[in-house]
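Reading through the structure tokens given below for one structure.
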Amino acid sequence: MEHLGPEPPRAEKRCRILIRGCQLPIIRYELSIPDYRYSMLWGMSRWIIHVDMDEFFAAVERLDNPALRGKPLLVGGDPKARGVVSTASYEARAFGCHSAMPMATAVRRCPHAVVLQVRGQRYHQVSEQVLDILEQFSPMIEPLSIDEAFLDVSGCERLLGPAPEIGKQIKQRIRGRLGLTASVGVAPNKFLAKLASDLRKPDGLVVITKDHIRDVLDPLGIERLWGVGPAAAKGLRRLDIHTIGQLRLAPVELLRERFGQVGDHYHCLANGIDCRPVVPDSRTKSIGREQTFAADIEDMDELIRVLLNQTEQVARRLRRGGLKARSVTLKLRYVDFTTITRSATLTEPTNITEVLWRGVRRLLDKWAARHRRPLRLLGMTASQLTGREGLQETLFPDPQRTGQERIDEAMDRIAERFGDRSICRGGTNGADRK
Ligand SMILES: [Mg+2]
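The following block contains the structure:
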């Protein structure tokens, strides 16, 4: 039927609908990203992907030292100092070792395991690289921990193909670029996506579609419900509820009486309903890159080349995340490990490579004029970040800036297709770029 006359009133920002006695807030929202500029309802036609890196710490250790391949690995604290296992490789798990177990116990179970200390900085570095890859698929990313993240890819189908296909591409790209495997779950909501990624570890890809939610959920034990800990599981078992299927059929009044509001939540999850949105990481305060050199560098051209490359990567990450930075910081470490930083505030928030580069380049030149010495580390950070929503569009765009934005756009497209290292700017000897 054709609609004539004035537009019908917009839906309430928040309304409540009733699904099987369970009240769910439905939030209408609008994404502020141009490609996804449409509104939708939470809980309907959403596609969420959960990416979980397999035995992450152990996998990174093996990546950095191939001699560890095939050996049982225990990454964690010192067994003599009551340390705990952070990650046990699959080879060690076969001996009954698992994370959060005292290292001393794990070593007793698997005496021939290689015990390795946690190298947090290195894992963070790889974690960042994984996030960089995920950002190529959707700006809606919620990191859950160092080795897990949710992506909302609703509406990306036209650009990237169906959600299961996106899941496959994510796995391929992580393996191709980093040499690591991830288990991926693709489903209509967060709970189901997280559950799916856990069903076929390692290197799994599990898709749960709306049509077979019950087939997947019903036979599973209640402890598989996200948020049901040992105490809650015990409480449910006391009600003779052992599987998610039994929980789904349990009267919601009974659950509410026993668990209060959480009872409603359990009822929803057992029905495969979860309206929680993917919340992009708002804690990101800065984006930076740094590099420790194999041999100390004093040559200015070489330092400029490294710094420009870092600036390009940082600018690209800002653009992918729809962010702009107000300040730039240069980080320098001398041979004796003394570390100094120099910061500058930009005239306006930006994610244009050229503008950020001019900022850090000036800092480097100022430092070099007075304190030039060999460096063992060089890095740059963009901070005081603002999202797009906080920025006003300029009424009369500056033609020079528009040109720079076009260059960035073109370079981003190439980097996205062929990888970050596929492209960098010429003329890095500095004279023409001051
Ligand atoms: Mg993991």
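Using this note's numbering, you'd call the opening residue of the sequence shown number 6 and step up by one each time.
Where a beta carbon is used, it is the ideal one built from N, C-alpha and C, also for glycine.
Model, not experiment: these values are computed from the prediction.
- Item | Element boundaries [beta strand (DSSP E), containing residue 249] | Membership of residue 249 in any beta strand (DSSP E) is not indicated; the residue belongs instead to the alpha helix (DSSP H) covering 249-254.
- Is there contact between the region 175-184 and the region 258-272, where contact requires at least three CB pairs shorter than 8 Å? Taking a contact to require three or more Cβ pairs closer than 8 Å, the region 175-184 and the region 258-272 do not qualify as touching.
- Query: Is residue 393 helix, strand or coil when you go by DSSP?
  - Reply: Bear in mind that the predicted position of residue 393 carries a pLDDT of just 49, short of 50, making it unreliable; the figure below should be weighed with that in mind. DSSP places residue 393 in helix when its eight states are reduced to three.
- Message: Using DSSP's beta-bridge definition, name the partner residues of residue 312.
- Response: The partner list for residue 312 (beta bridge, DSSP) is empty, contrary to what the question assumes.
- Message: From the DSSP secondary-structure annotation, give me the bridge partner or partners of residue 407.
- Response: BP columns for residue 407 are empty, so no partner.
- Closer than 7 Å: residue 153 CB and nearest ligand 1 heavy atom: Checking the Cβ of residue 153 against ligand 1 gives yes.
- Task: Run the CB neighbour count on residue 160, radius 10 Å, all protein chains shown included, and call it buried at 16 or more, exposed below.
- Result: Around the Cβ of residue 160, a 10 Å sphere holds 16 or more other Cβ atoms; the residue is buried.
- Query: Closest to residue 55 by CA distance: which of 98, 255 and 150 is it?
  - Reply: Residue 55 has its Cα closest to that of 150, out of 98, 255 and 150.
- Task: State the DSSP-derived secondary structure class of residue 358, mapped to helix, strand or coil.
- Result: Here residue 358 sits in helix by DSSP.
- CB-CB under 6 Å to residue 255, same chain, minus the five flanking residues each way: which ones, in chain order? Closer than 6 Å at the Cβ level, and outside the excluded window around residue 255, lie 246.
- Applying the criterion that 16 or more other CB atoms from any shown protein chain within 10 Å of the CB defines a buried residue, is residue 315 buried or exposed? Buried, because 16 or more other Cβ atoms sit within 10 Å of the Cβ of residue 315.
- Is residue 59 near ligand 1, with its Cβ less than 7 Å from a heavy atom? At least one heavy atom of ligand 1 sits closer than 7 Å to the Cβ of residue 59.
- Query: Taking all protein chains shown into account, do 16 or more other C-beta atoms lie within 10 angstroms of the C-beta of residue 419, making it buried, or fewer, making it exposed?
  - Reply: Taking a 10 Å sphere around the C-beta of residue 419, we find fewer than 16 other C-beta atoms and assign the residue as exposed.
- Limits of the unbroken alpha helix (DSSP H) element including residue 109: Segment 108-114, the alpha helix (DSSP H) holding residue 109.
- Query: First and last residue of the alpha helix (DSSP H) that includes residue 262?
  - Reply: Counting along the chain, the unbroken alpha helix (DSSP H) around residue 262 starts and ends at 257-264.
- Reference residue 177, options 202, 210, 156 and 197, closest by Cα: Out of 202, 210, 156 and 197, the CA that lies nearest to the CA of residue 177 is found in 210.
- Message: DSSP three-state label for residue 129, please.
- Response: Residue 129 falls in the helix class under three-state DSSP.
- Under 8 Å by Cβ, that's how I've got residue 274 and residue 383 pegged, so tell me the actual separation to the nearest angstrom. Incorrect: roughly 48 Å between the Cβ atoms, too far for contact.
- Could you check the C-alpha separation between residue 104 and residue 206 for me, to the nearest Å? In this structure, the CA atom of residue 104 is about 15 Å from the CA atom of residue 206.
- Measure the C-alpha to C-alpha separation of residue 281 and residue 270 and round it to an integer number of angstroms. Taking the CA atoms as reference points, residue 281 sits about 11 Å from residue 270.
- Taking residue 169 as part of the beta strand (DSSP E), name the residues at either end of that continuous run. For residue 169, no beta strand (DSSP E) run applies; the uninterrupted alpha helix (DSSP H) run containing it begins and ends at 168-183, by DSSP.
- Quick one: give me the first and last residue of the beta strand (DSSP E) that residue 235 is part of. For residue 235, no beta strand (DSSP E) run applies; the uninterrupted alpha helix (DSSP H) run containing it begins and ends at 235-243, by DSSP.
- Message: Quick check on the burial criterion: 16 or more other C-beta atoms within 10 angstroms. Buried or exposed for residue 216?
- Response: Its Cβ having fewer than 16 others within 10 Å, residue 216 is exposed.
- Item | Cβ neighbour criterion (16 or more within 10 Å) applied to residue 290 | Its Cβ having fewer than 16 others within 10 Å, residue 290 is exposed.
- Query: CB residue 386 to CB residue 329, shorter than 8 Å?
  - Reply: No, Cβ-Cβ distance for residue 386 and residue 329 is not below 8 Å.
- Query: With a Cβ-Cβ cutoff of 8 Å, do residue 362 and residue 191 count as a contact?
  - Reply: Going by beta carbons, residue 362 and residue 191 fall outside the 8 Å limit.
- Message: Considering just the uninterrupted stretch of the beta strand (DSSP E) at residue 91, what are its terminal residues?
- Response: Unbroken beta strand (DSSP E) run through residue 91: 90-93.
- Task: For residue 419, name the three-state secondary structure that DSSP assigns.
- Result: Assignment of residue 419 by DSSP, reduced to helix, strand and coil, places it in the helix class.
- Query: Should residue 341 be labelled buried (16 or more other beta-carbon atoms within 10 Å of its own) or exposed?
  - Reply: Counting Cβ neighbours within 10 Å, residue 341 comes out exposed, since fewer than 16 surround it.
- Inter-residue Cα distance where the pair is residue 48 and residue 179: Bear in mind that a pLDDT of 38 at residue 48, under 50, signals an unreliable position, so the number given afterwards is only what the model happens to contain. Between the alpha carbons of residue 48 and residue 179 lies a gap of roughly 28 Å.
- Just the C-alpha distance for residue 395 and residue 332, rounded to the nearest angstrom, thanks. Caution is warranted here: a pLDDT of 44 is assigned to residue 395, below 50, making its placement in the model unreliable, and the coordinate value is therefore given only provisionally. If you take the alpha carbons of residue 395 and residue 332, they lie about 16 Å apart.
- If you measure from the beta carbon of residue 104 to each beta carbon in chain D, is any gap under 8 Å? The structure shown contains no chain D, having only a single protein chain.
- Message: Please give me, in chain order, every unbroken run of the alpha helix (DSSP H) with length at least 4 that falls completely inside the region 193-234.
- Response: Considered as a whole, the region 193-234 harbours 195-204 and 218-222 as its complete alpha helix (DSSP H) runs of no fewer than 4 residues, in chain order.
- Looking at the structure shown, is residue 413 part of a helix, part of a strand, or coil, going by DSSP? Helix at residue 413.
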